[in-house]
Amino acid sequence: MKNEQEKKQAAAFQKCKLKATNEIKTCFHPDCNENSINTHILQKNGILSSLENERHLMEMGINPFLDEIHYFNRIGINKAYSFKCFCNTHDTDLFKEIETDEINFSNYHHLILFTLRTIYNEKFRKLVNVRMRELLIAQHPNLFDIDFLKKQNEGEKLGLLDIEKTENLIWNDINENTESFVFETREINRIELCLTGFYNYETTRELEDYRKRNGKDKEDVIDIFINVFPYKDKTTIILGYKKKHKSDVKSYVNTLIKESEKRFLRQLTNLLMFRCETWVISEKFYKKRIKKCESYFGMAAHYSNNNYNERKFFVINLFEESFCEQMKRWKKNVG
């Protein structure tokens with residue numbers, strides 16, 4: 074049970090996050106200042122709708138008032154997997170090809186559109202986090218470690234600079250028909266999950282070692298972009314990276330694309346448990362695989378915050394009946 078100080082912190086966190094979320098409301102298109110609308114990271118029709126039950130999905134959220142803040146939430150499909158990104162005009166016009174026509178997974182332009190929403194979802198999250206911490210510092214200096222919040226914001230702002238470089242590349246590809254990224258795709262048997270995100274190929278330890286050797290942060294961090302979603306009667310995976318990083322990550326990405334489905338699902342489980350926060354599942358799958366061992370997801374989130382070797386691989390598979398037993402062994406091994 075939370076003490077009075079923790080309850081005050083939770084209330085401040087919730088209030089400031091809501092205010093920050095409401096303040097980020099300008100269209101992300103570089104030539105637009107119109108108000109943004111709530112948009113789905115992956116389109117509702119044909120993708121998210123294939124997972125819904127009574128127009129609801131399940132996603133993991135954070136409730137600062139709970140002793141274990143991570144929990145699964147049944148959320149309406151209109152709000153699930155969404156964020157404020159583009160104005161209505163740009164949201165409609167930009168994504169018309171992949172939302173009203175059949176998706177062509179060999180069409181570079183189609184694939185770059187998925188990546189655009191992926192990075193803008195992360196940009197929105199980071200902008201909200203930065204503003205939220207600014208509000209906490211200004212309005213509740215006695216409740217929080219101000220130096221810690223400032224340090225977190227420094228890291229968040231570096232991440233925003235990295236995103237800006239990536240979004241400039243994507244817009245150049247869209248406007249000039251260039252190809253700055255490499256994409257690989259594969260199909261697997263249908264799973265009731267959508268996952269969208271990107272993560273650093275380098276581990277935290279590798280980036281810290283670089284900082285110690287060079288006296289500065291690595292300017293060109295290697296990103297891996299991933300989208301996983303049901304399409305027709307299969308699940309499609311899109312993996313991408315910048316062309317200039319091909320020699321560094323081609324073999325890693327090819328392994329994910331070419332390895333057996335069973336091993337790929339283990340890799341996917343590691344990603345969603347420890348590296349990618351943005352995913353939703355069907356209510357049916359939640360009840361079948363997650364409900365009875367939901368607490369492990371909060372444990373995994375806490376583990377990730379203190380893990381300096383993110384490429385460490387665990388033999389866990391969310392899509393196997395023995396998943397809960399596998400997570401028991403995982404908990405025992407990591408302490």
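Quick note, the numbering used here runs 73 ahead of the 1-based positions in the sequence shown. A virtual CB, placed ideally from N, CA and C, is assigned to each residue, including glycine.
When the Cα of residue i is compared with those of the options, which residue comes out closest?
| i | options | result |
| --- | --- | --- |
| residue 82 | 405, 215, 128, 350 | 215 |
| residue 243 | 324, 183, 405 | 183 |
| residue 250 | 317, 263, 186 | 186 |
| residue 262 | 121, 308, 86, 380 | 308 |
| residue 53 | 358, 206, 210, 272 | Only positions 74 to 408 of the chain appear in this structure, which leaves residue 53 out of reach. |
| residue 385 | 394, 403, 392 | 403 |
| residue 356 | 266, 219, 101, 172 | 266 |
| residue 208 | 109, 239, 85 | 85 |
| residue 92 | 378, 291, 240, 202 | 202 |
| residue 316 | 256, 151, 114 | 256 |
| residue 394 | 259, 335, 108 | 335 |
| residue 205 | 278, 222, 302 | 222 |
| residue 225 | 200, 239, 237 | 200 |
| residue 194 | 233, 77, 172 | 233 |
| residue 114 | 366, 168, 253, 387 | 168 |
| residue 158 | 370, 105, 118, 125 | 105 |
| residue 79 | 96, 241, 230, 217 | 217 |
| residue 264 | 144, 301, 175 | 301 |
| residue 304 | 369, 109, 116, 97 | 116 |
| residue 312 | 240, 291, 270, 401 | 270 |
| residue 359 | 144, 281, 107, 77 | 144 |
Answer with buried or exposed for residue i, where buried requires no fewer than 16 other C-beta atoms within 10 angstroms of its C-beta.
| i | result |
| --- | --- |
| residue 320 | exposed |
| residue 324 | exposed |
| residue 74 | exposed |
| residue 149 | exposed |
| residue 156 | buried |
| residue 375 | exposed |
| residue 151 | exposed |
| residue 190 | buried |
| residue 353 | buried |
| residue 212 | exposed |
| residue 331 | exposed |
| residue 101 | buried |
| residue 164 | buried |
| residue 24 | Since the displayed the chain opens at 74 and closes at 408, residue 24 lies outside it and no answer follows. |
| residue 296 | buried |
| residue 343 | buried |
| residue 390 | buried |
| residue 109 | buried |
| residue 369 | buried |
Does DSSP put residue i in a helix, in a strand, or in coil?
| i | result |
| --- | --- |
| residue 88 | helix |
| residue 176 | coil |
| residue 203 | helix |
| residue 354 | strand |
| residue 108 | strand |
| residue 407 | helix |
| residue 257 | strand |
| residue 75 | coil |
| residue 377 | helix |
| residue 213 | coil |
| residue 241 | helix |
| residue 156 | strand |
| residue 262 | strand |
| residue 371 | helix |
| residue 191 | helix |
| residue 251 | coil |
| residue 452 | Here the chain has residues from 74 to 408 only, and residue 452 is not among them. |
| residue 402 | helix |
| residue 390 | coil |
| residue 168 | coil |
| residue 246 | helix |
| residue 364 | helix |
| residue 349 | coil |
| residue 218 | coil |
| residue 186 | helix |
| residue 226 | helix |
| residue 198 | helix |
| residue 118 | coil |
| residue 139 | coil |
| residue 161 | helix |
For residue i, which beta-bridge partners are listed by DSSP?
| i | result |
| --- | --- |
| residue 134 | 144 |
| residue 126 | 129 |
| residue 81 | Note: residue 81 sits in no beta bridge, so no partner. |
| residue 113 | 155 |
| residue 99 | 108 |
| residue 149 | 129 |
CB of residue i to nearest heavy atom of the ligand HEM: below 7 angstroms?
| i | result |
| --- | --- |
| residue 290 | In terms of ligand content, the structure shown is empty, and the ligand HEM therefore cannot be addressed. |
Ignoring anything shorter than 4 residues or poking outside the region 267 to 346, list the alpha helix (DSSP H) runs there in chain order. You should have 277 to 287, 319 to 331.
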